[in-house]
RNA sequence: GCCGGCGUAGCUCAGUGGUAGAGCAGCUGAUUCGUAAUCAGCAGGUCGUCGGUUCAAUCCCGACCGCCGGCUCCA
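Residue numbers (the working numbering): 1049 to 1664.
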């Protein structure tokens, strides 16, 4: 008896697309276990959805092979929200090709062709995939003597499976776009043409996903940055270099003010360092060996090579080394909003999120080995405090451990990894271990924040470093009078101001909370009779430390309200004859909610409640 | 950096082998208005840059620059 027959018996044949037997997900065509103990996987299950997506990829490949017989197939896995398949073709697919492929797919789905699994020897499989060089390459690397093939219609693919019982079970899908992708993700290999598609169990799920994509488009910080006049990048200046316009600059200033205040309070010393330094500095630090290709070229000055800084750490180390340090002085914490420049490949630049010049909210902490646990613990606290303040309270945390190529001793690495782990455990923070993903100089904790739409953004990083203190001989005098090597922690909380600002824009869809809003209050006179009163209100708001503007243009109230709301200003204060006469204002929130007219003092109470304290 | 797409007024976009259009924004004037767009007029472009094909190029071809979607990378 097959699993499909068993499913029929149990009345599950309609919904089941695969079966769970033991720990494995199997095709329904596989034999059922004697005792009939099988679980049913449906398209509503995560595993089922993956099967559905993977099978949709096969259906697409079948359609492509039908329309473009010369296309060479490679691989086509399920991914988040859908699938892709990479083909080697002479000329990449056009959007019109995608439409044709989609139609052909619909044919295959309508025909409800069975997915047929076949197990053959590797040698036989090699014969079947003659003329498919990518499949041949894969086959030659598979250690097993027997491999499985899946056939749908005339299309056969080397595949582990499992798959849907038939193409008719494919759900709602849509081909999205094409993209170049290196064979096996290696830039030394040939570039294939990838087709991305999304696939869901139901039309409704697909539509919800397309709606989400629309929402993401609406929140795009590049679009909002232009609309709200926050920042720009400019051809004449150069790609990846950000111009902060006055409104964006207000938000940045508030971010910086908050950051400086809290760092001073948390025991950091604020420092400044130059933008260039002798190239040798980066030779000593080791960055030149590891990251030369991401550094801007050096500049020759009076026979000496200088380098635009890609990092701040060597400068802070030199400040540390400017005099003898006692074990009593530690930890020493140097913090700087340090602007660095990195030569990112042109194809990776992206608005504020990937740039060539950016300001890190950087700090380097020098400490004794015995202080590591406690420092990491309080650092985690501090990081989460800062992130929460900006409205982020969901995180994905990763602990990255020793990579293959590393500096320092295994003993030190293990101690540092243990310290990081211990701090996370003590705080009760869930995290994932990324084995081998640490930086060459030490292990790290990365915190990705989740935005309003649940997307993750890498921002905070806490990295232990044994390498630099050794290379630069950053030492302290221990209790016994001996020179000991300090441990250094690199850390950035927002990561870079540019990137964090971009994430903030998308998180809030440009509607910043009142404490961050570039303009907090628009004062809107109904006619020019109230211009004087409006000016007075603005002056008083500004005197109280708020950012307020009057819209004195010769326009109707409706127009001014519309503009204020599109500008995402938290409050509009309508002032007409009534308000002017009674010395009141009529507040309106940007969402449209109207508040009955109140005195300015009462309004200041409301506003103050939202901004905590006016941070100017 | 690699593959593909795109580049027309400040912005969003239409358009054609015979040297360009709309809406919004801007300017001028009228309107004095109560919670998401008042009306009229005016002005605005070396069609990304440089080369080529052609009697003629914004349109076709090439190179470059930039942007977009991916890939690779991300201390």
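Every residue gets a Cβ at the ideal spot worked out from N, C-alpha and C, and that includes glycine.
For residue i, is the classification buried or exposed, using 16 other Cβ atoms within 10 angstroms of its Cβ as the cut-off for buried?
i: residue 1333; result: buried
i: residue 1374; result: exposed
i: residue 1649; result: exposed
i: residue 1202; result: exposed
i: residue 1604; result: exposed
i: residue 1263; result: exposed
i: residue 1664; result: A caution first: residue 1664 carries a pLDDT of 39, below 50, which makes its placement in the model too unreliable to give a value.
i: residue 1055; result: buried
i: residue 1554; result: buried
i: residue 1190; result: exposed
i: residue 1544; result: buried
i: residue 1192; result: exposed
i: residue 1138; result: exposed
i: residue 1632; result: buried
Only counting the same chain, and skipping five residues up and downstream in sequence, which positions put a Cβ closer than 7 Å to that of residue i?
i: residue 1181; result: 1120
i: residue 1090; result: 1063, 1064, 1065 and 1096
DSSP on residue i, reduced to helix/strand/coil?
i: residue 1449; result: coil
i: residue 1563; result: coil
i: residue 1202; result: coil
i: residue 1020; result: Because the chain in this structure spans residues 1049 to 1664, residue 1020 falls outside the shown range and cannot be described.
i: residue 1057; result: helix
i: residue 1211; result: coil
i: residue 1064; result: strand
i: residue 1654; result: helix
i: residue 1488; result: coil
i: residue 1226; result: strand
i: residue 1401; result: coil
i: residue 1309; result: helix
i: residue 1163; result: strand
i: residue 1375; result: helix
i: residue 1460; result: helix
i: residue 1606; result: helix
i: residue 1501; result: coil
i: residue 1617; result: coil
From residue i to residue j, what distance separates their C-alpha atoms?
i: residue 1284; j: residue 1298; result: 24 Å
i: residue 1473; j: residue 1431; result: 16 Å
i: residue 1207; j: residue 1092; result: 23 Å
i: residue 1458; j: residue 1451; result: 11 Å
i: residue 1412; j: residue 1282; result: 33 Å
i: residue 1102; j: residue 1237; result: 24 Å
i: residue 1658; j: residue 1302; result: 15 Å
i: residue 1655; j: residue 1577; result: 26 Å
i: residue 1539; j: residue 1437; result: 18 Å
i: residue 1556; j: residue 1267; result: 8 Å
i: residue 1500; j: residue 1118; result: 45 Å
i: residue 1164; j: residue 1049; result: 17 Å
i: residue 1231; j: residue 1140; result: 15 Å
i: residue 1116; j: residue 1398; result: 34 Å
i: residue 1662; j: residue 1593; result: Summary for residue 1662: the model assigns pLDDT 41, below 50, so the residue's position carries little reliability; its value from the coordinates is reported in the next sentence. The alpha-carbon atoms of residue 1662 and residue 1593 are separated by roughly 6 Å.
i: residue 1625; j: residue 1636; result: 17 Å
i: residue 1209; j: residue 1053; result: 19 Å
i: residue 1211; j: residue 1168; result: 17 Å
i: residue 1166; j: residue 1083; result: 25 Å
i: residue 1426; j: residue 1286; result: 40 Å
i: residue 1639; j: residue 1502; result: 22 Å
i: residue 1485; j: residue 1401; result: 22 Å
i: residue 1482; j: residue 1336; result: 25 Å
i: residue 1589; j: residue 1512; result: 46 Å
For residue i, which residues in the same chain have their Cβ closer than 6 Å to its Cβ, ignoring the five residues on either side in sequence?
i: residue 1229; result: 1134, 1240 and 1242
i: residue 1565; result: 1618
i: residue 1159; result: none
i: residue 1327; result: 1346, 1353 and 1355
i: residue 1666; result: No statement about residue 1666 is possible, as the shown extent of the chain runs from 1049 to 1664 and does not include it.
i: residue 1200; result: 1106, 1110, 1161, 1163 and 1215
i: residue 1508; result: 1431, 1495 and 1541
i: residue 1477; result: 1445
Am I right that residue i and residue j are in contact with their C-beta atoms under 8 Å? What's the rounded C-beta distance?
i: residue 1567; j: residue 1595; result: 5 Å
i: residue 1479; j: residue 1446; result: 6 Å
i: residue 1391; j: residue 1342; result: 5 Å
i: residue 1549; j: residue 1300; result: 6 Å
At a cut-off of 8 Å, would you count residue i as near the ligand COA, judging by its Cβ distance to the nearest heavy atom?
i: residue 1142; result: Looking for the ligand COA in the displayed structure turns up nothing, as the structure carries no ligands at all.
Only counting the same chain, and skipping five residues up and downstream in sequence, which positions put a Cβ closer than 8 Å to that of residue i?
i: residue 1581; result: 1573, 1623, 1627 and 1628
i: residue 1260; result: 1501
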